[in-house]
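Have a look at the structure below before the remarks.
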Amino acid sequence: MSTQKSQRQWGDYLQAALPKIVVAPTFITTLIFIYGFILWNAWLSFTKSRLLPKYDWAGLIQYERLFANERWWVAAQNLLIFGSLFIGICLLIGILLAILLDQRIRAEGALRTIYLYPMALSFIVTGTAWKWILNPGLGLERLMHEWGFEQFTFNWLVDSEMAIYTVVIAGVWQSSGFVMALFLAGLRGIDDSIIKAAQVDGAGLPRIYRSIIIPSLRPVFFSAIIILSHIAIKSFDLVMALTGGGPGYATDLPATFMYSFAFTRGQLGMGAASAMMMLGAVAAIVVPYLYSELRSTRRG
Amino acid sequence: MVNQGQSSIFSRLAVYGALSLAALYFLTPLFVMLLTSLKTLEDIRSGSLVSWPEEITFEAWQMAWTSACIGVDCGGLKGYFWNSISMVVPAVVISTMIGAINGYVLTQWRFRGSDVFFALLLIGCFIPFQVVLLPMARTLGFLGLAGSIPGLILVHTVYGLAFTTLFFRNFYIAVPDELVKAARIDGAGFFTIFWRILLPISGPIIVVSVIWQFTQIWNDFLFGVVYSAGDKQPITVALNNLVNTSTGIKRYNVDMAAAIIAALPTLFVYFVAGKYFVRGLTAGSVKG
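Okay, structure coming up:
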């Protein structure tokens, strides 16, 4: 009798604990593989690790070396150039396409599919394609010559001053359709009656877009910028496929810098330090965003 | 009136013109890739990006698949394609299953701390993976999984969980509480409710999660290049090696054929189930 009762108690206890048991593996993996690893990486960044990890505290030596490294500053500057152009142009093309597509277009579905398909491709594929198109000898340059523009030269891919802009070209091609999708969803969410009222008041379409529709898309701008800057900071594969970081290290981004110092040049500590810098950059952008998202979730 | 009609026809034309131009911009690279992959090398050297092939040949495709040199191994992409498949399938299935049950707990069986758990997990969507690369490399070595496909499956599963959980959590949160409460009163247990009530309505979100994970993992390069070696590399890494090998003649037609082969699975998924793909993109980025 009493064993039966305690068995039932155990069963109830198990039932009650079941949800926690089920999420426990994910919880533990998250703690170890995300937060534990971040701490581990942080620790590595405070050591003298080179080819092999060492765990003796060495203070900020790796950060000092990082900040004294010219290549790191090239990477940081490139991120700034690439990031701002990538975000700006993607937003511009994305908004424009979304507005045009929102004019009761006949083949909207097909056009949307075309604009968005690059998003399904790997950055390696995109990089490979654009590397060929922008090929200084046989690519765009040859095509323009054939079309009669004999003076046309296009050698950005091998020009260390201009190569970073080829990364922008390919990146924009891949991601602007996605921004279009975000804004189109936003446009569809706007109440038609506001627009009708403005039209009745005699406002023209450009005016309506400028002073009513675009301001009301502020949250979409917010998400799009967050996502695009996140893509920019993490950009790695596109550069690897398109320029390999070259010529020299002219198109290095923090992500390619980290990879090459941590995994090919045997500078674990410095690689770890540069990864911490990337984490810091992402956190500066994402934490305010997540904070507002989570707050609105709780309210909702 | 007439004037207005004319100007509206004109502006319609302008809108369609701009949209077609944009379509051309997005399609041209794919078209150029396809065209180049069907040409011979001489044809490429004498023609231009958009010139029609003198004769259409599938030699480059054949070579990319079976005999192109990737590093020292000249067996084409074939093996790497299968590497990617054997990495993607388990990783997608496992991460989607765990994500589904996590989402179920986080919405229907909330406990003290479950919100904190979700927030901790959500942040995991955003970290730049560079920050876990080194510790993970040590861990995989310690587990004896370095340079192997099971190692990649583990990595992709672990770092995919945040997204799959997010998908299912945002989907199940719309399920009315009464449904699950009534089932609980009827004595249905944890797993019964999941199997009988939640799972049968989960079709769309399972598709979203599978497509998202499939695309992400298939297209991944970072984990692939860091955690795999030799003939165990996924296709994106092999493609990059193939294209950026500096020895021998540059076979642009083979490069393009290889790039299309690497892109085909995700392109196929996109054209078949684009609607779900877009849902994944927006759910993964903007709160659903």
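These protein sequences, in sequence, are chains X and Z. Numbering of the first sequence is given in my numbering, commencing with residue 946 and proceeding in unit increments. Numbering of the second sequence is given in my numbering, commencing with residue 181 and proceeding in unit increments. Beta carbons: idealized from backbone N, C-alpha and C, even for Gly.
Measuring CB to CB, does V296(Z) end up less than 7 angstroms from F982(X)? Taking the second sequence and counting its residues from 1, the one referred to as residue 296(Z) is at position 116. Taking the first sequence and counting its residues from 1, the one referred to as residue 982(X) is at position 37. For V296(Z) and F982(X), no; Cβs fall outside 7 angstroms.
Return the chain-ordered ranges of every alpha helix (DSSP H) run that is complete within the stretch 280-347 of chain Z and spans a minimum of 4 residues. 294-303 and 310-323
Counting only beta-carbon separations shorter than 7 angstroms, does A362(Z) have a partner in chain X? For the purposes of this step, residue 362(Z) is taken as the residue at position 182 of the second sequence. By this cut-off, A362(Z) is not an interface position.
Just the C-alpha distance for F1209(X) and G1189(X), rounded to the nearest angstrom, thanks. By 1-based counting over the first sequence, the position of residue 1209(X) is 264. By 1-based counting over the first sequence, the position of residue 1189(X) is 244. A small correction: the amino acid at residue 1209(X) is Thr; Phe does not occupy that position in the sequence shown. When rounded, the distance between both Cα atoms is 13 angstroms.
Classify G1214(X) as buried or exposed, calling it buried when 16 or more other Cβ atoms lie within 10 Å of its own Cβ. In the first sequence, counting from the first residue as 1, residue 1214(X) sits at position 269. Buried.
Do G1216(X) and A1207(X) have their C-beta atoms closer together than 7 angstroms? Taking the first sequence and counting its residues from 1, one reaches residue 1216(X) at position 271. Taking the first sequence and counting its residues from 1, one reaches residue 1207(X) at position 262. Contact flag set, yes.
Does I250(Z) come out as helix, strand or coil in the three-state DSSP assignment? As a first step, residue 250(Z) must be located in the second sequence, where it is residue number 70. I250(Z) falls in the strand class under three-state DSSP.
Is there at least one Cβ from chain X nearer than 7 angstroms to Q396(Z)'s Cβ? Here residue 396(Z) refers to the residue found at position 216 of the second sequence. No, Q396(Z) does not count as interfacial toward chain X.
Can the beta-carbon of L997(X) be found closer than 7 angstroms to that of F370(Z)? As a working mapping, residue 997(X) is identified with position 52 in the first sequence. As a working mapping, residue 370(Z) is identified with position 190 in the second sequence. Result no, Cβ atoms of L997(X) and F370(Z) do not sit closer than 7 angstroms.
The alpha helix (DSSP H) enclosing Y1008(X), as first and last residue numbers: Here residue 1008(X) corresponds to residue number 63 of the first sequence, with the count starting at 1. Taken as a continuous stretch (DSSP letters only), the alpha helix (DSSP H) holding Y1008(X) covers I1006 to F1012.
For M316(Z), which option in L302(Z), F306(Z) and L334(Z) has the closest C-alpha, if you only look at C-alpha atoms? Against the second sequence, residue 316(Z) aligns to sequence position 136. Comparing Cα positions, the closest option is L334(Z).
What whole-angstrom Cβ distance do P445(Z) and W398(Z) have, given they're in contact under 8 angstroms? Looking up residue 445(Z) in the second sequence gives position 265. Looking up residue 398(Z) in the second sequence gives position 218. Contact holds; Cβ gap of about 6 angstroms.
Starting from M1089(X), trace the alpha helix (DSSP H) both ways and give me its first and last residue. What you label residue 1089(X) is simply residue 144 of the first sequence in a count that begins at 1. Residues L1085 to E1091.
7 angstroms Cβ cutoff met for A240(Z) and V434(Z): Position 60 of the second sequence, counted from the first residue, corresponds to residue 240(Z). Position 254 of the second sequence, counted from the first residue, corresponds to residue 434(Z). For A240(Z) and V434(Z), yes; Cβs fall inside 7 angstroms.
Please determine, among P380(Z), F206(Z) and S200(Z), the residue with the shortest C-alpha to C-alpha distance to I1114(X). Position 169 of the first sequence, counted from the first residue, corresponds to residue 1114(X). It is F206(Z).
Check whether the Cβ atoms of M277(Z) and M436(Z) lie closer than 7 angstroms to each other. Locating residue 277(Z) in the second sequence gives position 97, where the first residue counts as 1. Locating residue 436(Z) in the second sequence gives position 256, where the first residue counts as 1. Their beta carbons are not under 7 angstroms apart, which means M277(Z) does not touch M436(Z) by this criterion.
List the residues of chain X whose Cβ lies closer than 8 angstroms to the Cβ of M436(Z), in chain order. As a working mapping, residue 436(Z) is identified with position 256 in the second sequence. Chain X residues near M436(Z): T1073, A1074 and W1077.
In the DSSP assignment, the alpha helix (DSSP H) including Q396(Z) goes from what residue to what residue? As a working note, residue 396(Z) is residue 216 in the second sequence. Segment G383 to N399, the alpha helix (DSSP H) holding Q396(Z).
Buried or exposed (CB count within 10 angstroms, at least 16 for buried), W1017(X): Indexing the first sequence from 1 puts residue 1017(X) at position 72. Under this definition W1017(X) is a buried residue.
Taking 7 angstroms as the threshold (beta carbon to beta carbon), is T974(X) in contact with chain Z? Residue mapping note: residue 974(X) aligns to position 29 of the first sequence, counting from 1. Yes, T974(X) counts as interfacial toward chain Z.
In three-state terms, what does DSSP make of S408(Z)? Against the second sequence, residue 408(Z) aligns to sequence position 228. DSSP places S408(Z) in strand when its eight states are reduced to three.
So, does the CB of E1091(X) fall closer than 7 angstroms to a CB anywhere in chain Z? Here residue 1091(X) corresponds to residue number 146 of the first sequence, with the count starting at 1. E1091(X) counts as touching chain Z.
Over the uninterrupted alpha helix (DSSP H) stretch that includes E1106(X), give me the two end residues. Working through the first sequence from its first residue, we reach residue 1106(X) at position 161. It is not in any alpha helix (DSSP H) - E1106(X) carries neither H nor E in the DSSP assignment.
Can you tell me the Cα-Cα spacing of F1031(X) and D1197(X), whole angstroms? Along the first sequence, one-based indexing puts residue 1031(X) at 86. Along the first sequence, one-based indexing puts residue 1197(X) at 252. So the two alpha carbons sit approximately 16 angstroms from each other.
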